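A.B. asks:
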Amino acid sequence: MLKPSQGSRSLWRRIALFLAIMGPGIITANVDNDAGGLTTYSQAGANFGLSTLWIMLPVTLLLILVQEMVNRMGVVTGRGLSDMIRERFGVKVTFTLMLLVLVTNFGNVMAEFAGIAAAGQIFGVPPAATVPVCALLVWFLVMKGSYKSVEKVFLVACLFYVAYPLTVLVIAPPFREILPAFTRPSISLSSAYIVTLIGIVGTTIAPWMQFYQQASVAEKNIAVKDYSLSRLDTIVGGFVVSIVASCIVISCAFTLGAQGVRIESAADAARALGPLVGRASSWLFAFGLLNASVFAASILPLSTSYTLCEAFGWETGVDKDFETAPHFYILYTALIVLGALSALVPGMPLVKVMFWSQVLNGILLPVILFFILILASDRREMGTHANGRVYNLLCWAATGCLVLMSLGYVVALAAGV
Amino acid sequence: MNSVETQSQTAPTFCFLSNMLGRRLSSPDGRRLGTLTDFAATLTERYPEVEWVVITTRREGRMALPATAVTMGTLASGGSVIPDTGLGRFSLRPQQFLVRETLLDKQVVDVQGAKVVRVNDVQLLFHQDRLYIVHVDVGLPGLARRLGLERLVRVTATLIGKRPKEELVSWKYVQPLNETGAGPVRISLRQEQMRLLHSGELADIIEELDPEERLALVRSIDTAQVADAIEEIDESVQAALIRDLDSELAADILEEMEPAAAVDVVEMLPQETQQSIMAAMEEDEREQIELLSRAEEDTAASVMTVEYLSIPASSTASQALELVSAEAGNVEFFHYVYCLDEEGRLAGVVSLRELLVSEGGQPLAGLMRTRLTTVGPGDRLQDLSEAFLKFRFLALPVMDESGRLLGIVTFQHSFDELLPHYARAAA
Numbered sequence: 122m123l124k125p126s127q128g129s130r131s132l133w134r135r136i137a138l139f140l141a142i143m144g145p146g147i148i149t150a151n152v153d154n155d156a157g158g159l160t161t162y163s164q165a166g167a168n169f170g171l172s173t174l175w176i177m178l179p180v181t182l183l184l185i186l187v188q189e190m191v192n193r194m195g196v197v198t199g200r201g202l203s204d205m206i207r208e209r210f211g212v213k214v215t216f217t218l219m220l221l222v223l224v225t226n227f228g229n230v231m232a233e234f235a236g237i238a239a240a241g242q243i244f245g246v247p248p249a250a251t252v253p254v255c256a257l258l259v260w261f262l263v264m265k266g267s268y269k270s271v272e273k274v275f276l277v278a279c280l281f282y283v284a285y286p287l288t289v290l291v292i293a294p295p296f297r298e299i300l301p302a303f304t305r306p307s308i309s310l311s312s313a314y315i316v317t318l319i320g321i322v323g324t325t326i327a328p329w330m331q332f333y334q335q336a337s338v339a340e341k342n343i344a345v346k347d348y349s350l351s352r353l354d355t356i357v358g359g360f361v362v363s364i365v366a367s368c369i370v371i372s373c374a375f376t377l378g379a380q381g382v383r384i385e386s387a388a389d390a391a392r393a394l395g396p397l398v399g400r401a402s403s404w405l406f407a408f409g410l411l412n413a414s415v416f417a418a419s420i421l422p423l424s425t426s427y428t429l430c431e432a433f434g435w436e437t438g439v440d441k442d443f444e445t446a447p448h449f450y451i452l453y454t455a456l457i458v459l460g461a462l463s464a465l466v467p468g469m470p471l472v473k474v475m476f477w478s479q480v481l482n483g484i485l486l487p488v489i490l491f492f493i494l495i496l497a498s499d500r501r502e503m504g505t506h507a508n509g510r511v512y513n514l515l516c517w518a519a520t521g522c523l524v525l526m527s528l529g530y531v532v533a534l535a536a537g538v
Numbered sequence: 218m219n220s221v222e223t224q225s226q227t228a229p230t231f232c233f234l235s236n237m238l239g240r241r242l243s244s245p246d247g248r249r250l251g252t253l254t255d256f257a258a259t260l261t262e263r264y265p266e267v268e269w270v271v272i273t274t275r276r277e278g279r280m281a282l283p284a285t286a287v288t289m290g291t292l293a294s295g296g297s298v299i300p301d302t303g304l305g306r307f308s309l310r311p312q313q314f315l316v317r318e319t320l321l322d323k324q325v326v327d328v329q330g331a332k333v334v335r336v337n338d339v340q341l342l343f344h345q346d347r348l349y350i351v352h353v354d355v356g357l358p359g360l361a362r363r364l365g366l367e368r369l370v371r372v373t374a375t376l377i378g379k380r381p382k383e384e385l386v387s388w389k390y391v392q393p394l395n396e397t398g399a400g401p402v403r404i405s406l407r408q409e410q411m412r413l414l415h416s417g418e419l420a421d422i423i424e425e426l427d428p429e430e431r432l433a434l435v436r437s438i439d440t441a442q443v444a445d446a447i448e449e450i451d452e453s454v455q456a457a458l459i460r461d462l463d464s465e466l467a468a469d470i471l472e473e474m475e476p477a478a479a480v481d482v483v484e485m486l487p488q489e490t491q492q493s494i495m496a497a498m499e500e501d502e503r504e505q506i507e508l509l510s511r512a513e514e515d516t517a518a519s520v521m522t523v524e525y526l527s528i529p530a531s532s533t534a535s536q537a538l539e540l541v542s543a544e545a546g547n548v549e550f551f552h553y554v555y556c557l558d559e560e561g562r563l564a565g566v567v568s569l570r571e572l573l574v575s576e577g578g579q580p581l582a583g584l585m586r587t588r589l590t591t592v593g594p595g596d597r598l599q600d601l602s603e604a605f606l607k608f609r610f611l612a613l614p615v616m617d618e619s620g621r622l623l624g625i626v627t628f629q630h631s632f633d634e635l636l637p638h639y640a641r642a643a644a
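So the protein sequences, as listed, match chains F and C. Be aware that the first sequence starts at 122, since it is given in the numbering used here, and climbs by one per residue. Be aware that the second sequence starts at 218, since it is given in the numbering used here, and climbs by one per residue.
Encoded structure:
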């Protein structure tokens with residue numbers, strides 16, 4: 122290995138290096154297609170056909186822009202986002218923010234377990250069986266695994282999203298109609314349409330993603346000179362998300378949309394697909410929902426515990442025992458146990474839970490983006506890798522857009538449009 | 218003024234930094250001086266004494282006020298009216314640091330607890346007219362105090378019948394990690410305390426730190442201790458740490474490491490870094506590392522170590538014994554001394570036991586064993602394990618075709634790698 126590198130081997134070396142660096146970006150992006158996201162995409166397809174597809178490209182760009190900043194901060198500083206916020210903005214700001222993060226993320230965890238329960242029912246398994254089993258599975262995976270093994274499991278979970286492109290193939294829609302829909306904005310001024318558009322943006326970029334990606338990138342000790350590969354990871358992740366989202370919209374558009382079926386959740390969509398297209402597509406859809414929910418239910422509690430412990434200087438890590446890192450274990454376990462229990466309480470308004478967790482996401486996001494923009498353009502922290510002036514302007518503009526849309530979404534949701 | 222003087226003679230009082238920060242100060246004639254925003258102190262081995270009060274005004278920015286007995290006594294007892302004699306421009310002296318900027322909300326190493334903690338507050342002691350840093354507060358009460366919720370937390374704790382756990386770390390055991398202030402302040406005071414850490418504990422701490430903090434810590438402690446710790450930390454952190462260090466220091470650390478472990482680290486580094494570190498290394502150590510890194514897997518060379526004792530075969534037993542006692546501290550394996558002829562070929566081996574029972578002036582030529590079991594660098598691990606099982610030596614010499622000694626494979630050092638082969642060889 123001490124020989125000088127050779128030209129022909131350097132391409133393979135780059136590929137090998139990318140495989141080693143890959144992970145945080147792709148995983149974060151995929152977890153984002155969770156129960157809440159799937160519901161929004163299914164509704165968009167069922168209610169508005171292909172007319173929301175054009176938003177996918179701008180959303181992808183926004184997502185990449187935001188995640189690229191935290192990714193860069195993780196590689197350059199080797200520190201997590203909550204660590205940086207605590208050192209820069211002090212204890213009061215951090216404490217308030219962490220309280221918000223805890224509440225918001227717990228809402229999301231509840232929504233994921235609701236998704237697990239609903240997906241299980243489609244396969245004929247009652248929630249009383251699926252929810253505890255999945256909760257235990259998730260808990261053991263992280264408690265007994267190392268960072269590396271957990272990341273591998275997560276990357277495999279990313280592969281299962283292929284269920285959605287498969288559904289599209291089963292349905293076999295006329296592809297000639299689909300492609301133009303991506304590039305031709307067809308804007309309708311109905312309030313329901315606009316809320317759906319904003320909803321797609323709002324569910325695709327959630328606050329926990331920034332904490333999770335920066336922390337997991339920092340943990341990988343990527344060399345600053347290999348940053349371009351890490352950025353590629355983020356970009357690939359961004360595109361994978363929108364491909365999956367598009368497939369869901371397309372599937373629902375040509376089936377539910379064409380028949381005028383109204384749905385309230387991703388599980389409704391899966392159920393409705395059965396009689397229309399056949400059992401295979403219904404099961405693929407339900408499987409996709411189950412995978413997404415389990416995946417997100419394991420990452421969200423983990424990310425939340427890491428974020429909080431880092432901010433308050435408590436010991437973290439799955440390789441420590443309970444005695445050394447009690448805060449971490451208590452938080453992690455409590456999030457999973459309470460999240461799972463909430464999905465089992467009879468009469469729990471799960472659709473409402475999902476709805477309110479989206480509202481909280483929308484409120485928290487602007488705050489976090491504000492901190493990120495300040496930190497990412499700070500030369501003391503980032504040196505030459507700080508946001509340049511033009512790039513910063515672009516980021517502020519994009520963030521402004523995002524903030525407006527996400528606040529608009531909150532208002533629209535709260536007004537019950 | 219009288220009241221202040223009586224205060225300075227009262228019993229020592231403790232106070233917290235967070236209770237003093239933000240206090241609006243004014244002079245006895247009623248003039249407003251500004252807001253107390255920080256203290257400047259000098260890093261010393263003992264408890265650092267606060268030397269300046271840093272006052273910030275909107276108009277003039279940061280100003281420094283000398284920490285006189287009267288001023289510090291007033292501040293420690295909660296007062297805010299202080300004489301402004303000596304108020305001047307603020308600039309840090311070398312070795313001085315800002316207490317709040319360096320410590321508050323930052324991570325430090327708690328050397329006694331062998332862990333990384335985040336500072337919620339700093340406890341100061343007013344004693345004999347001076348204010349000293351004595352503890353950092355890393356617990357829940359400190360956090361509550363900063364948030365202005367101290368009373369709430371205490372009341373809640375009393376209600377559930379518990380007392381909130383105070384977590385104060387004595388300054389003696391605090392290793393700060395942020396380098397701030399005028400010029401590069403090397404925080405290298407904790408040598409004695411840091412030495413108390415086991416290499417495993419130090420490894421855990423290094424893993425937990427951010428890259429910059431890691432570098433600050435590694436630069437501040439003994440290279441030999443760092444080398445021991447690095448052998449125990451996670452591979453990816455190993456590589457990242459060595460990569461970020463300047464090549465001189467990286468080379469020094471690698472030289473202190475077990476050569477086989479150093480090779481593993483070097484091989485994980487990018488090409489350019491490898492080259493610059495190797496260039497900064499001592500000739501001998503570089504050759505060893507290059508030799509080991511060329512070894513193919515599953516061969517004798519891959520489990521070989523190049524740290525062994527050798528001596529010209531023409532020496533005497535007492536010279537060999539001197540060599541052993543001089544080097545026993547540096548070399549792990551000192552049970553055999555390898556005797557070389559003028560061309561550097563292996564002529565024989567003499568064991569420590571044989572040297573101890575010999576007469577001092579006896580030439581090694583008559584003492585050493587010359588019928589040797591040796592292996593070649595390309596020999597398979599299976600052959601190696603069979604040789605160990607058959608002859609029960611503590612180590613086997615590795616020779617090239619011309620009979621030159623390349624290194625040795627010790628039974629102990631190769632045990633893990635050879636274990637599966639022993640099972641097969643015994644069957």
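In this text, a Cβ means the ideal position worked out from N, Cα and C, and glycines have one as well. Keep in mind it's a predicted model, so treat the numbers as computed, not measured.
Please name the residue in GLY577(C), ARG586(C), GLN410(C) and ARG263(C) whose C-alpha comes closest to that of SER568(C).
C.D. replies: Along the second sequence, read from residue 1 onward, the residue named residue 568(C) stands at position 351. Closest option to SER568(C), Cα to Cα, is ARG586(C).
A.B. asks: Out of LEU234(C), ASP481(C), SER297(C) and LEU486(C), point me to the one whose CA is closest to ASP461(C)'s CA.
C.D. replies: For this step, residue 461(C) is matched to residue 244 along the second sequence. When only C-alpha atoms are compared, the closest one is LEU486(C).
A.B. asks: So which residues on chain B does PRO311(C) lean against when the C-beta distance must stay under 8 Å?
C.D. replies: The question asks about chain B, but that chain is absent: this structure's protein chains are F and C.
A.B. asks: From this set, VAL488(F), THR505(F), SER463(F) and SER363(F), which residue's C-alpha is nearest GLY158(F)'s C-alpha?
C.D. replies: Within the first sequence, the letter at position 37 stands for residue 158(F). It is SER363(F).
A.B. asks: Among THR230(C), TYR555(C), GLU472(C) and ALA534(C), which residue has its Cα nearest to the Cα of GLU507(C)?
C.D. replies: If you number the second sequence from 1, residue 507(C) lands on position 290. With distances taken between Cα atoms, GLU507(C) lies closest to GLU472(C).
A.B. asks: The stretch 212 to 228 of chain F: which residues have C-beta closer than 7 Å to a C-beta of chain C, in chain order?
C.D. replies: If the cut-off is 7 Å between Cβ atoms, the stretch 212 to 228 of chain F has VAL212, LYS213 and PHE216 near chain C.
A.B. asks: I want to see whether chain C comes within less than 8 Å of LEU497(F), judged by CB atoms only; does it?
C.D. replies: Taking the first residue of the first sequence as 1, we reach residue 497(F) at position 376. Here residue 497(F) is Ala; the residue named in the question, Leu, does not match the sequence. For ALA497(F), the answer is no, since every Cβ of chain C falls outside 8 Å of its Cβ.
A.B. asks: Can a CB atom of chain C be found closer than 8 Å to the CB of ASN151(F)?
C.D. replies: Residue 151(F) sits at position 30 when you count from the first residue of the first sequence. Answer no: the Cβ-Cβ gap between ASN151(F) and chain C never drops below 8 Å.
A.B. asks: Going by the CB atoms, is the gap between ILE343(F) and ILE185(F) shorter than 8 Å?
C.D. replies: Position 64 of the first sequence, counting from 1, holds the residue named residue 185(F). Position 222 of the first sequence, counting from 1, holds the residue named residue 343(F). No; because the gap between Cβ atoms is not below 8 Å, this pair is not in contact.
A.B. asks: Just mark GLY399(F) as buried or exposed, buried being the case when its beta carbon has 16 or more other beta carbons within 10 Å.
C.D. replies: In the first sequence, the residue the question calls residue 399(F) occupies position 278. Exposed, since its Cβ has fewer than 16 Cβ neighbours within 10 Å.
A.B. asks: Go ahead and pull the three-state DSSP assignment for ALA258(C).
C.D. replies: On the second sequence, position 41 is the one that residue 258(C) refers to. It is a strand residue.
A.B. asks: For ARG335(C), would you say it is in contact with chain F, using Cβ-to-Cβ distances shorter than 8 Å as the test?
C.D. replies: Within the second sequence, residue 335(C) is the residue found at index 118, counting from 1. Yes - at least one Cβ of chain F is within 8 Å of the one on ARG335(C).
A.B. asks: Using a threshold of 8 Å, state whether the C-beta atoms of THR437(F) and VAL222(F) are closer than that.
C.D. replies: Numbered from 1 along the first sequence, position 316 holds the residue referred to as residue 437(F). Numbered from 1 along the first sequence, position 101 holds the residue referred to as residue 222(F). For THR437(F) and VAL222(F), no; Cβs fall outside 8 Å.
A.B. asks: Verify the CB distance criterion: does ASN192(F) have a CB-CB separation below 8 Å to chain C?
C.D. replies: Taking the first sequence and counting its residues from 1, one reaches residue 192(F) at position 71. By this cut-off, ASN192(F) is not an interface position.
A.B. asks: Short of 7 Å Cβ to Cβ, which residues in the stretch 533 to 550 of chain C face chain F?
C.D. replies: For the stretch 533 to 550 of chain C, which is checked against every Cβ of chain F, not one residue is closer than 7 Å.
A.B. asks: Please go through the same chain and pick out, in chain order, the residues whose beta-carbon is closer than 7 Å to the beta-carbon of ARG263(C), but skip the five residues on each side of it.
C.D. replies: Indexing the second sequence from 1 puts residue 263(C) at position 46. No residues qualify anywhere along the chain.
A.B. asks: Report the residue ranges of all alpha helix (DSSP H) runs contained in full by the stretch 137 to 161 of chain F; include only those spanning at least 4 residues, in chain order.
C.D. replies: Whole alpha helix (DSSP H) segments, 4+ residues: 145 to 152.
A.B. asks: Could you check how far apart the C-beta atoms of LEU394(C) and VAL325(C) are, in whole angstroms? I think they sit under 8 Å.
C.D. replies: As a first step, residue 394(C) is located in the second sequence; it is residue number 177 there, counting from the start. As a first step, residue 325(C) is located in the second sequence; it is residue number 108 there, counting from the start. So it is a contact: roughly 6 Å between Cβ atoms.
A.B. asks: Taking 8 Å as the CB-CB limit, is LYS341(F) close to chain C?
C.D. replies: Numbered from its first residue, the first sequence carries residue 341(F) at position 220. At least one chain C Cβ lies under 8 Å of LYS341(F).
A.B. asks: ALA457(C) CB to nearest chain F CB: under 8 Å?
C.D. replies: Locating residue 457(C) in the second sequence gives position 240, counting from the first residue. Yes, because at least one Cβ of chain F sits closer than 8 Å to the Cβ of ALA457(C).
A.B. asks: Which value, in whole angstroms, describes the spacing of the CA atoms of THR505(F) and GLY146(F)?
C.D. replies: Position 384 of the first sequence holds residue 505(F). Position 25 of the first sequence holds residue 146(F). Cα-Cα distance, rounded: 22 Å.
A.B. asks: Name the DSSP beta bridge partners of GLU266(C), please?
C.D. replies: Counted from its first residue, the second sequence places residue 266(C) at position 49. Looking at the DSSP assignment, GLU266(C) forms a beta bridge with TYR349(C).
A.B. asks: Tell me the start and end of each unbroken alpha helix (DSSP H) in the stretch 515 to 603 of chain C that is at least 4 residues and wholly inside, in chain order.
C.D. replies: As far as the stretch 515 to 603 of chain C is concerned, its whole alpha helix (DSSP H) runs of at least 4 residues are 534 to 544 and 569 to 574.
A.B. asks: Look at the Cβ atom of ALA390(F), then the Cβ atom of CYS373(F), and state whether they are nearer than 8 Å.
C.D. replies: If you number the first sequence from 1, residue 390(F) lands on position 269. If you number the first sequence from 1, residue 373(F) lands on position 252. In this structure, CYS373(F) lies closer than 8 Å to ALA390(F) by Cβ.
A.B. asks: Can you tell which of CYS516(F), LEU514(F) and GLU502(F) has its C-alpha closest to the C-alpha of ILE206(F)?
C.D. replies: Taking the first residue of the first sequence as position 1, residue 206(F) is located at position 85. Cα-wise, what sits closest to ILE206(F) is GLU502(F).
A.B. asks: With respect to the alpha helix (DSSP H) encompassing GLY195(F), which residues constitute its N-terminal and C-terminal limits?
C.D. replies: Locating residue 195(F) in the first sequence gives position 74, counting from the first residue. Note, GLY195(F): alpha helix (DSSP H), 177 to 198.
A.B. asks: Report the CB separation of SER416(C) from ALA441(C) in whole angstroms; it is logged as a contact under 8 Å.
C.D. replies: Reading the second sequence from its first residue, position 199 is the one you call residue 416(C). Reading the second sequence from its first residue, position 224 is the one you call residue 441(C). The Cβ separation is near 10 Å, so there is no contact.
A.B. asks: Give a yes or no on whether 8 Å exceeds the smallest Cβ distance from VAL520(C) to chain F.
C.D. replies: As a first step, residue 520(C) must be located in the second sequence, where it is residue number 303. No, VAL520(C) lies away from the interface with chain F (no Cβ there is under 8 Å from its Cβ).
A.B. asks: For ALA336(F), return the contacting residues in chain C, with the cut-off set at a CB-CB distance below 7 Å.
C.D. replies: The residue given as residue 336(F) occupies position 215 in the first sequence. Those do not exist, as ALA336(F) stays about 12 Å from chain C at its closest Cβ, beyond 7 Å.
A.B. asks: Name the chain F residues that come within less than 8 Å of VAL454(C), Cβ to Cβ?
C.D. replies: Residue 454(C) sits at position 237 when you count from the first residue of the second sequence. Within 8 Å Cβ-Cβ: ASN342.
A.B. asks: On a CA-only basis, which of ALA302(F), THR445(F), GLU272(F) and THR355(F) is nearest PHE169(F)? Give me that one, please.
C.D. replies: In the first sequence, residue 169(F) corresponds to position 48, counting from 1. Out of ALA302(F), THR445(F), GLU272(F) and THR355(F), ALA302(F) has the C-alpha closest to the C-alpha of PHE169(F).
A.B. asks: Assign LEU611(C) to one of three DSSP states: helix, strand, or coil.
C.D. replies: Residue numbering aside, residue 611(C) sits at position 394 when the second sequence is read from its first letter. The answer is coil: DSSP assigns LEU611(C) none of H, G, I, E or B.
A.B. asks: Could you list which residues in chain F have their beta carbon closer than 8 Å to that of LYS382(C), in chain order?
C.D. replies: For the purposes of this step, residue 382(C) is identified with residue 165 of the second sequence, where counting begins at 1. Result: empty, since nearest Cβ-Cβ is about 11 Å, beyond 8 Å.
A.B. asks: Comparing alpha-carbon positions, which option in SER163(F), ASP153(F) and ASN154(F) lies nearest ILE384(F)?
C.D. replies: Taking the first sequence and counting its residues from 1, one reaches residue 384(F) at position 263. Looking at the Cα atoms, SER163(F) is the closest of the given residues.
A.B. asks: On a Cα-Cα basis, can you pick out the residue from ASP600(C), SER575(C) and VAL566(C) that is closest to ARG588(C)?
C.D. replies: Here residue 588(C) refers to the residue found at position 371 of the second sequence. That would be VAL566(C), whose Cα lies nearest to the Cα of ARG588(C).
A.B. asks: Kindly indicate which three-state DSSP category MET218(C) falls into: helix, strand or coil?
C.D. replies: The sequence position of residue 218(C) within the second sequence is 1, counting from 1. At MET218(C), the pLDDT of 42 sits below 50, so the modelled position is not reliable; the number obtained from the coordinates is stated separately. Coil at MET218(C), not helix or strand.
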